[in-house]
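Below is one structure, written out as C-alpha cells; comments come after it.
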Amino acid sequence: MELNRGDWVIMKRASVLTVASTAVFGLFMLNACGDDGNPSSNNNPSSEPVLESSSSDVLYSSEALSSSVPSPVSSAGPVASSSSAESRDPVPEVSSSSVESQEPVPVSSSSQEISSSSEAPAVANTFKEDFSDECPEVKVPSGTSNKLLPDPFKKIDGSKVSSQSDWKCRREEISTMFQETEFGVKPNHPEKVSGKYSAGTLTVSVTDKGKTVSFDVTIKGNGTADKPVPAIIGFGGGSLGSSYDGMGVATISFDPDKVAPEKNRGTGPFYDLYGSSHSAGALIAWAWGMSRVIDALEVTPEAGIDVHHMGVTGCSRWGKGALVAGAFDARFALVIPQESGSGGASNWRSVLKDSKAQPLSSACTEAAWFKSSFCNYKDNNTYNLPTDHHMLTGMVAPRGLLVLDNQGWDWLGENPSYHNAMSTKEIFVALGAEDAFTFSKMGDHMHCTLPNSQYDEVKDFVNKYLLEKPATTGKIDKGNYSVNFTKADWIDWETPTLAP
Numbered sequence: 006m007e008l009n010r011g012d013w014v015i016m017k018r019a020s021v022l023t024v025a026s027t028a029v030f031g032l033f034m035l036n037a038c039g040d041d042g043n044p045s046s047n048n049n050p051s052s053e054p055v056l057e058s059s060s061s062d063v064l065y066s067s068e069a070l071s072s073s074v075p076s077p078v079s080s081a082g083p084v085a086s087s088s089s090a091e092s093r094d095p096v097p098e099v100s101s102s103s104v105e106s107q108e109p110v111p112v113s114s115s116s117q118e119i120s121s122s123s124e125a126p127a128v129a130n131t132f133k134e135d136f137s138d139e140c141p142e143v144k145v146p147s148g149t150s151n152k153l154l155p156d157p158f159k160k161i162d163g164s165k166v167s168s169q170s171d172w173k174c175r176r177e178e179i180s181t182m183f184q185e186t187e188f189g190v191k192p193n194h195p196e197k198v199s200g201k202y203s204a205g206t207l208t209v210s211v212t213d214k215g216k217t218v219s220f221d222v223t224i225k226g227n228g229t230a231d232k233p234v235p236a237i238i239g240f241g242g243g244s245l246g247s248s249y250d251g252m253g254v255a256t257i258s259f260d261p262d263k264v265a266p267e268k269n270r271g272t273g274p275f276y277d278l279y280g281s282s283h284s285a286g287a288l289i290a291w292a293w294g295m296s297r298v299i300d301a302l303e304v305t306p307e308a309g310i311d312v313h314h315m316g317v318t319g320c321s322r323w324g325k326g327a328l329v330a331g332a333f334d335a336r337f338a339l340v341i342p343q344e345s346g347s348g349g350a351s352n353w354r355s356v357l358k359d360s361k362a363q364p365l366s367s368a369c370t371e372a373a374w375f376k377s378s379f380c381n382y383k384d385n386n387t388y389n390l391p392t393d394h395h396m397l398t399g400m401v402a403p404r405g406l407l408v409l410d411n412q413g414w415d416w417l418g419e420n421p422s423y424h425n426a427m428s429t430k431e432i433f434v435a436l437g438a439e440d441a442f443t444f445s446k447m448g449d450h451m452h453c454t455l456p457n458s459q460y461d462e463v464k465d466f467v468n469k470y471l472l473e474k475p476a477t478t479g480k481i482d483k484g485n486y487s488v489n490f491t492k493a494d495w496i497d498w499e500t501p502t503l504a505p
C-alpha cells in the first residue's frame with residue numbers, strides 16, 4: 006500500500022477517503038536503566054540495575070484510516086474511539102506497505118492506495134506529527150539572559166498567546182528553539198516510509214534524499230487489521246512492569262541504539278540517512294525513529310495497532326528519550342517519562358542551584374544525547390537558554406503526561422524535577438487540561454523499577470488516554486520529600502486562561 010504524505014491531511018474519518026484498517030502495535034517491556042541514574046555519589050545504598058535491550062529498533066508511522074478507525078488524537082487531546090482493545094485474533098503472516106511523500110497517486114480500492122490533491126482538504130487533519138506547515142518560520146532569539154523560567158506564553162515577536170489555537174504555533178516556536186539550542190534538528194516528513202509486519206516484528210524502512218535505511222521493532226499483544234488495539238512503545242521495552250497487563254494494550258519494544266547509538270555520535274541508520282555531521286543528538290534522533298514507527302504502523306494495518314491511541318515510555322536516559330519523542334510528535338496520546346533526571350522532566354535553571362543533581366556540564370558529555378554545541382550553555386551560561394524544560398514537558402499539553410519520579414536518588418535531582426512539575430502545571434492549567442498532567446514521586450525502590458504504589462496511576466492514564474474509559478488523573482504528588490517551590494522565585498509571568 007502506498008500513500009502520499011501530502012495526502013495525510015485528507016485521511017480523516019469524515020473526509021473523502023476510507024481505508025480498510027488501522028494499525029495496532031505492541032510493546033515488549035523490560036527494565037531499562039540509564040547511566041545517568043547511577044552516579045558514584047548517589048546516596049541510595051542500592052545499586053542501579055542496568056539492563057541491556059535485546060529488541061530490534063522501534064519506530065512509528067503515520068495514519069492508516071478506515072470507516073471504523075477511531076477519531077484522531079491531536080494536540081487538542083484524545084477524542085472518542087470505537088476501536089476494540091480486547092481482540093487477540095491472529096494476524097496475517099506478512100504484510101508490506103508504504104507512505105510516500107512525492108507526487109499524488111490515484112486512489113485504488115484494490116491496492117488500498119491513499120492520495121489527495123494539493124488543494125485544502127474538506128476536513129483539516131489534526132492527527133499530525135507537528136504543525137509546522139501551519140505556522141510561520143521564526144528566528145531563535147540570541148543574546149538574552151534570564152535567571153527565571155522563560156515565559157511559555159510569550160511569543161518570539163513579543164506578543165502573548167491568547168487562545169488554544171495560538172498555543173499550537175507557540176508550541177512550534179518552542180520546538181524550534183529546543184532544536185536550535187539543545188537537541189539538534191528533527192528531520193520530519195521523509196519522502197517515503199514503509200512497513201513490513203511478520204511474526205511479531207515490524208520492519209520500518211525510510212527513504213529520504215535518495216537513501217533508504219531500515220530497522221525493526223517487536224510487537225506483543227497486538228490485535229488485527231479489523232480489531233486494532235492501543236499500544237505503548239517503550240525504550241528498551243519500558244520499565245512499567247506489569248502495571249497495564251490485561252488491559253488490552255499492546256507493547257512495542259524500541260531499541261534506540263539501533264537507530265542512533267548514544268555512545269558513538271554520528272553513527273547508525275539515522276546518520277546513514279542524514280549524514281554523520283547532522284546536528285541531531287541521540288535524543289532527537291530517537292524521537293525521529295519513534296515518529297517513523299508511527300508512520301509505518303499507519304500504513305501497515307496487519308500489525309494490529311490503533312495508532313490514534315499510542316503511548317510512549319522509558320526510564321532514566323530512555324525517560325529523557327520518551328519525553329522528547331512525546332513532546333515532538335503530537336500523535337502520541339500519552340507520554341510517560343520515568344526517572345528521567347537532568348535533561349528530562351527537570352529544569353536546568355533549578356539544577357544550577359542543586360549541588361546533588363547531574364549538572365548540564367556532565368549531562369552534555371556523558372553520551373551523545375544532545376546537540377554537540379549544547380555544552381556551551383553549561384554553568385551560568387544556562388541562563389542564556391531561551392527555553393527550560395517546563396516548556397519541553399509543556400509541549401505535550403493538552404495530551405496525557407504522567408511523570409514518574411523516584412525519591413532518594415540525588416543524581417536525578419529531586420528539587421529540579423519538582424520545580425519542573427510545578428511550572429509544567431501552569432501550561433496545562435492555561436489550556437484547561439490540568440487533569441491531563443500528573444507528577445508522582447515515590448521512594449524506597451530501585452532505579453527503573455516501578456513500585457506497586459504507582460501502578461494505579463499508570464492504569465488510570467492508560468484507561469483515560471488509550472482506552473477512553475473513565476479515570477481520575479491530574480495531581481502533584483511529591484511523596485514525603487520536603488521539597489518546596491516558591492513561585493515568585495522562578496516565575497515572573499502570568500498564566501492565562503486560553504480560550505478554546
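Here the working numbering = 1-based position in the sequence shown + 5.
Where a beta carbon is used, it is the ideal one built from N, C-alpha and C, also for glycine.
Top-ranked residue by Cα proximity to residue i, from the options
i	options	result
G246	H452, T477, K480	H452
S248	I237, S258, G241	I237
D300	F240, A335, W353	A335
T131	G163, K173, V340, G437	K173
E344	D465, G319, Y388	G319
D415	V488, V317, Q184, D311	V488
Q412	L365, R404, D213, L455	L455
T443	K469, G418, V329, H450	K469
T491	K446, T392, S428, A330	S428
K216	T206, D277, G205	D277
V234	G242, F220, G253, G243	G253
K483	G316, L406, G448	G448
K263	F240, S284, K159, D250	F240
E187	R322, A255, Y382, D465	Y382
Residues of its chain near residue i, where Cβ-Cβ distance is below 6 Å and the 5 sequence neighbours each way are ignored
i	result
W374	G286, A287, L288
E439	F433, G479
P421	S351, N352, S355, V356, D359, A362
H450	P456
S180	none
A330	A292, M295, V317
Beta-ladder partner(s) of residue i, from DSSP
i	result
F220	V209
N411	M447
G316	I237, L339
A504	S168
A255	A236
D482	S445
L406	V340, F442
Alpha-carbon spacing of residue i relative to residue j, whole angstroms
i	j	result
L302	G280	26 Å
K325	G349	4 Å
S137	I257	28 Å
R354	P155	10 Å
I161	A362	30 Å
S164	R175	10 Å
G200	V222	11 Å
P366	V304	A quick correction: the sequence has Ser, not Pro, at residue 366. Distance between the alpha carbons of S366 and V304: 42 Å.
E142	Q184	13 Å
L397	G205	33 Å
Y388	G148	10 Å
G242	L409	16 Å
K159	D171	11 Å
A441	L339	9 Å
Q459	K197	40 Å
C380	D393	15 Å
D213	S282	16 Å
Exposed unless 16 or more other CB atoms sit within 10 angstroms - verdict on residue i
i	result
G228	buried
R426	The sequence as given places Ala at residue 426; Arg does not occur at that position. Under this definition A426 is a buried residue.
V78	Note that V78 scores 40 on pLDDT, short of 50, meaning its location in the model is unreliable and no value can be drawn from it.
A308	buried
N352	buried
N386	exposed
N269	exposed
P391	buried
K144	exposed
A493	exposed
E139	exposed
P146	exposed
D311	buried
G418	buried
T150	The displayed chain sequence assigns Ser, not Thr, to residue 150. Its Cβ having fewer than 16 others within 10 Å, S150 is exposed.
Chain-order list of residues whose beta-carbon lies under 7 Å from that of residue i (same chain, five-residue window excluded)
i	result
L153	W495, I496, D497
T500	E431, V434, A435
Cut-off 8 Å between Cβ atoms - residues of its own chain near residue i, not counting five sequence neighbours on either side
i	result
S168	L503, A504, P505
V218	S210, V211, P274, F275, D277, L278
K464	S248, Y249, M252, A476
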